[in-house]
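I have placed the structure first, in the form of structure tokens, so that the comments after it can refer back to it.
Protein chains: 2
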Amino acid sequence: MTIQESGAARPAGRPRSEKAEKAIIEATLDLIGEGTGISELSIEAIASRAGVGKTTIYRRWSNKEDLVVDALATLKAPLPSLTGTSVRDDLISLLDAMRRDAGETRSRCVINIAMSEADRYPQLVARFLNRAVEPRKEAMRDVIERGIATGELRPDLDVAMGAAILTGTMLWHTKWAPAGALAPDLAERVVDAVLAGMAPLT
Amino acid sequence: MTIQESGAARPAGRPRSEKAEKAIIEATLDLIGEGTGISELSIEAIASRAGVGKTTIYRRWSNKEDLVVDALATLKAPLPSLTGTSVRDDLISLLDAMRRDAGETRSRCVINIAMSEADRYPQLVARFLNRAVEPRKEAMRDVIERGIATGELRPDLDVAMGAAILTGTMLWHTKWAPAGALAPDLAERVVDAVLAGMAPLT
DNA sequence: GGTTTACGAAACGGGACCGTTGCGTATCGG
DNA sequence: CCGATACGCAACGGTCCCGTTTCGTAAACC
Numbered sequence: 002m003t004i005q006e007s008g009a010a011r012p013a014g015r016p017r018s019e020k021a022e023k024a025i026i027e028a029t030l031d032l033i034g035e036g037t038g039i040s041e042l043s044i045e046a047i048a049s050r051a052g053v054g055k056t057t058i059y060r061r062w063s064n065k066e067d068l069v070v071d072a073l074a075t076l077k078a079p080l081p082s083l084t085g086t087s088v089r090d091d092l093i094s095l096l097d098a099m100r101r102d103a104g105e106t107r108s109r110c111v112i113n114i115a116m117s118e119a120d121r122y123p124q125l126v127a128r129f130l131n132r133a134v135e136p137r138k139e140a141m142r143d144v145i146e147r148g149i150a151t152g153e154l155r156p157d158l159d160v161a162m163g164a165a166i167l168t169g170t171m172l173w174h175t176k177w178a179p180a181g182a183l184a185p186d187l188a189e190r191v192v193d194a195v196l197a198g199m200a201p202l203t
Numbered sequence: 002m003t004i005q006e007s008g009a010a011r012p013a014g015r016p017r018s019e020k021a022e023k024a025i026i027e028a029t030l031d032l033i034g035e036g037t038g039i040s041e042l043s044i045e046a047i048a049s050r051a052g053v054g055k056t057t058i059y060r061r062w063s064n065k066e067d068l069v070v071d072a073l074a075t076l077k078a079p080l081p082s083l084t085g086t087s088v089r090d091d092l093i094s095l096l097d098a099m100r101r102d103a104g105e106t107r108s109r110c111v112i113n114i115a116m117s118e119a120d121r122y123p124q125l126v127a128r129f130l131n132r133a134v135e136p137r138k139e140a141m142r143d144v145i146e147r148g149i150a151t152g153e154l155r156p157d158l159d160v161a162m163g164a165a166i167l168t169g170t171m172l173w174h175t176k177w178a179p180a181g182a183l184a185p186d187l188a189e190r191v192v193d194a195v196l197a198g199m200a201p202l203t
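Protein chains in written order, with our numbering: chain A, 2 to 203; chain B, 2 to 203.
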């Protein structure tokens, strides 16, 4: 028994460069964030932008889909911490996080993939949605349920519908806002409008 | 002066086949409706599906973008006729039209293009949005304004925000409805939920 | 019949990527 | 120093699509 290394039995030879690995994933996320669809995402483009040989990519991932999965997995989803003081404030926090994300290339990855590639890469998108949007959806559901319990929201409110209205409205704005400028108070206005409803006070 | 034809001075030789023209446009719309992005849309694929030589396509359109514009232009946008009996009914009609469209390949073209290609083909998308979504947006705005005037909607309602809430919510459902099945009563439920708002009656 | 134009099919040279391989160099352990 | 492995780079044959050209045929006009 010559091998007696400490723990993880380090293989001989030059170790793989973590820097290269990061550069590859960064490049991948950059391209996706810029609107490149998964189908048009090319290994050569990733390698070129990462300043890396194609070999280095193929040595780690056997196909494009695996690389994309790993790249997206590094996108951690830091949920905004909720103050819990009022349901209105918490909803604004959640929606304002969406607004802020809409401006960042990195966070655009989520929305770009989910929007355009859902039909063609259903399993990839599904695996990823569970990680990125499910926690947010759950957080919003919790807030809404709490609001119903405390009387801040109407008792007969359909929780799923409420969440759909709020997120759908924000999503609509992030995609088709005039001139792409998202007003800083957008989340607040959306929440207040949705809370109040369109019907007049009877 | 030999040329003295009746009216449109028909050019000599075999006339262009209208059937081929239609087949090309049909094939284009099919592919887009199936989720093919504009960037990956290839002339060869269109020609193949249309049962047509590439020559026949290039003879009519000098580039892919022109073809796509013409193809999308044939998508007429039959707005649902509004009964005008009540604002609630009209809003349901408008939203239910969205729900029905979401199931048809042809109508999916609009949403697919607008969603995924907005960044890369801004002028094409813009030209097309004016034709397809602007009339609908305007119809909804009219209905909402009428509702405000008749007292069916709250007088302080932000018209644009109201339209965003309704269309955004429907859009959210059409894209991410569980199992892709859109319940027939979805439009009604959305309208009622949005009208009522989430806040309890004070 | 003769002319003119459109048609579908096939082939062209050119470009982008594919996934793989070989090369010379760099970096680790022994 | 030596063997092993990773590195960036360049090149390979292969596939897909590009936009163009050529070919034989089809359909309109005179």
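Yeah, the Cβ is synthetic: ideal placement off N, Cα and C, and Gly gets one too.
- By the CB criterion at 8 Å, B:N113 and B:G163 fall outside the cutoff.
- By the beta-carbon neighbour count (other beta carbons within 10 angstroms, threshold 16), B:R100 is buried.
- Assignment of alpha helix (DSSP H) within the region 128 to 166 of chain B, counting only whole runs of 4 or more residues, yields 135 to 151 in chain order.
- Taking 8 Å as the CB threshold, B:P123 stays off the interface with chain A.
- Against B:P201, the close residues of chain A are G152, E153, L154, R155 and P156, in the order they occur along the chain (beta-carbon pairs closer than 8 Å).
- Within the region 33 to 65 of chain A, contact with chain B at the beta-carbon level (separation under 7 Å) is assigned to G36, G38, S40 and E41.
- For A:E146, same chain residues with a beta-carbon under 8 Å away, outside a window of 5 residues either side, are V160 in chain order.
- For the region 75 to 116 of chain A, the continuous alpha helix (DSSP H) assignments of 4+ residues that do not extend past its boundaries occur at 88 to 104, in sequence order.
- In the three-state reduction of the DSSP assignment, B:T168 falls in the helix class, which pools H, G and I.
- In this model, A:S94 and A:A140 are separated by some 11 Å (Cα to Cα).
- Residues of chain B whose Cβ lies closer than 8 Å to the Cβ of A:L196 are, in chain order, G198, M199 and A200.
- Going by DSSP, B:E41 is part of no alpha helix (DSSP H) at all; its letter is neither H nor E.
- Comparing alpha-carbon positions, the option among A:V126, A:A182 and A:E45 lying closest to A:D102 turns out to be A:A182.
- Of the residues B:T29, B:V111 and B:D157, the one whose Cα lies closest to the Cα of B:T175 is B:V111.
- Under the Cβ distance rule, A:D159 counts among the residues neighbouring chain B, one pair being separated by less than 8 Å.
- In the three-state DSSP reduction, B:E118 falls in the coil class, being neither helix nor strand.
- Apart from the 5 residues on each side of it in sequence, B:A21 sits with its Cβ closer than 7 Å to the Cβ of V53 and T57 in its chain, given in chain order.
- Residues of chain A with a Cβ closer than 8 Å to the Cβ of B:L172 are, in chain order, G169, L172 and W173.
- Going by DSSP, B:E189 is part of the alpha helix (DSSP H) stretching over L187 to A197.
- For A:R60, the uninterrupted alpha helix (DSSP H) segment begins and ends at K55 to R61.
- Its Cα nearest to that of A:E27, the residue A:V69 stands out among A:S87, A:V69 and A:S117.
- A residue is called buried once 16 or more other Cβ atoms fall within 10 Å of its Cβ, and B:S87, having fewer, is exposed.
- Closer than 8 Å to the CB of B:A165 there is at least one CB belonging to chain A.
- Proximity of chain B to A:M116 at the Cβ level (cut-off 9 Å) is accounted for by M116, S117 and K176, in chain order.
- Take A:P12, set aside five residues on each side of it, and no residue of its chain has a beta-carbon closer than 7 Å to its own.
- Cβ contact annotation for B:A188 (same chain, cutoff 6 Å, sequence separation greater than five): I93, L96, D97 and R100, in chain order.
- By the CB criterion at 8 Å, A:A51 and A:A24 fall inside the cutoff.
- Residue range E19 to G34 is occupied by the alpha helix (DSSP H) that includes A:A28.
- For A:D120, the chain B residues whose Cβ falls inside 7 Å of its Cβ are G36, in order along the chain.
- Beta-carbon to beta-carbon, A:G169 and B:G169 are separated by about 4 Å, close enough to satisfy the 8 Å threshold.
- Burial of A:T29 is indicated by the presence of at least 16 other C-beta atoms within 10 angstroms of its C-beta.
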